[in-house]
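Participant: Take a look at this one; I'll ask things after.
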Amino acid sequence: LHAYPVAGSQVSWSALLFVPLGAVCVGEASHVLAGAGRWSLMRRTLAAVPVAAFIVWFATVNLAPQIRYRASVYERWPSLGLPGARRVHLPAEQVALYRSVTSALRRRCSTFVSIPGLNSFHLFAGLKPLTYLNATAWTQLFDHQTQLRVVAALGRAPGACVLRNEGVIAFWNQGRPMPRGPLTSYIRQTYRPAWELGGYEILTRRRP
Numbered sequence: 004l005h006a007y008p009v010a011g012s013q014v015s016w017s018a019l020l021f022v023p024l025g026a027v028c029v030g031e032a033s034h035v036l037a038g039a040g041r042w043s044l045m046r047r048t049l050a051a052v053p054v055a056a057f058i059v060w061f062a063t064v065n066l067a068p069q070i071r072y073r074a075s076v077y078e079r080w081p082s083l084g085l086p087g088a089r090r091v092h093l094p095a096e097q098v099a100l101y102r103s104v105t106s107a108l109r110r111r112c113s114t115f116v117s118i119p120g121l122n123s124f125h126l127f128a129g130l131k132p133l134t135y136l137n138a139t140a141w142t143q144l145f146d147h148q149t150q151l152r153v154v155a156a157l158g159r160a161p162g163a164c165v166l167r168n169e170g171v172i173a174f175w176n177q178g179r180p181m182p183r184g185p186l187t188s189y190i191r192q193t194y195r196p197a198w199e200l201g202g203y204e205i206l207t208r209r210r211p
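In this text, residue positions in the sequence shown follow my numbering: the first is 4, and each later residue adds one.
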């Protein structure tokens, strides 16, 4: 796995593994060819020429244009400009959204619990997690007792908020209903919507 922030981009990064794999294959092939009879240095060199030519062609035709295109996109898009992600460049509308959510969390919350786990916002907003039970799909992963531990921590933190994103919840549920548990029930009974933008919603504690 590579570093945060975007889950799923490991699929693209995994293609990089083909580069060292190809290098290993070329190296092994050269040893095999060198051992298959008494090849002269000239013959071994000539055998490597097609491989080297293919690598140069592949890099020139496929990789170089993609690198130039992605570099131009990176330079054109603005920096996210948030702690831990200043080198992340995104479309302007996404940058504005993430900055707005971060600002709202800073203004309204002493800390927060998120549904599902949207833990990058702890780093963005500089808000320490309420607990270290911060799995992404916690509604499926946390058992009854684990959820009760988070409920108890919320009860001791009157300034804590809840951050929700229904789109991400739907992604993790994959068409299944939201699993019921003591933490989801506690949030539904104790918190109310207070702020919403672009699919993100901040819930604050209901007044007695």
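Built from N, CA and C at the ideal position, the CB exists for glycine as well.
To the nearest whole angstrom, what separates the beta carbons of T207 and R111, a pair I think is in contact under 8 Å?
Facilitator: Indeed they touch by this definition, with Cβ atoms about 6 Å apart.
Participant: What did DSSP end up calling A67 once you bin it into helix, strand or coil?
Facilitator: Reduced to three states, the DSSP call for A67 is helix.
Participant: Please report the straight-line C-alpha distance between A160 and F115, rounded to a whole angstrom.
Facilitator: If I take the Cα positions, the gap works out to 9 Å.
Participant: Identify, in the order they occur along the chain, each residue of the same chain with its Cβ nearer than 7 Å to the Cβ of L144, setting aside the five sequence neighbours on each side.
Facilitator: If we look at L144 and ignore the five residues flanking it on each side, its Cβ neighbours are A138.
Participant: If you run the structure through DSSP and keep just helix, strand and coil, what is C28?
Facilitator: C28: helix per DSSP, three-state reduction.
Participant: Compute the distance between the beta-carbons of L85 and T105, then report whether it is under 8 Å.
Facilitator: Contact flag set, yes.
Participant: How would you write the range of the alpha helix (DSSP H) that L91 sits in, first residue to last?
Facilitator: For clarity, residue 91 is Val in the given sequence; the question names Leu instead. Counting along the chain, V91 falls outside any alpha helix (DSSP H), and DSSP gives it neither H nor E.
Participant: What number of angstroms, rounded off, separates the C-alpha of H281 from the C-alpha of P94?
Facilitator: What the structure shows of the chain is the stretch from 4 to 211, and residue 281 is not part of that stretch, so it cannot be assessed.
Participant: Short check: CB of S117 to CB of F124, under 8 Å?
Facilitator: Yes. Within cutoff.
Participant: How should I205 be labelled, buried or exposed, when 16 other C-beta atoms within 10 angstroms of its C-beta is the threshold for buried?
Facilitator: Buried.
Participant: Locate the beta strand (DSSP E) running through P196, then write down its first and last residues.
Facilitator: That run of the beta strand (DSSP E) goes Y194 to L200.
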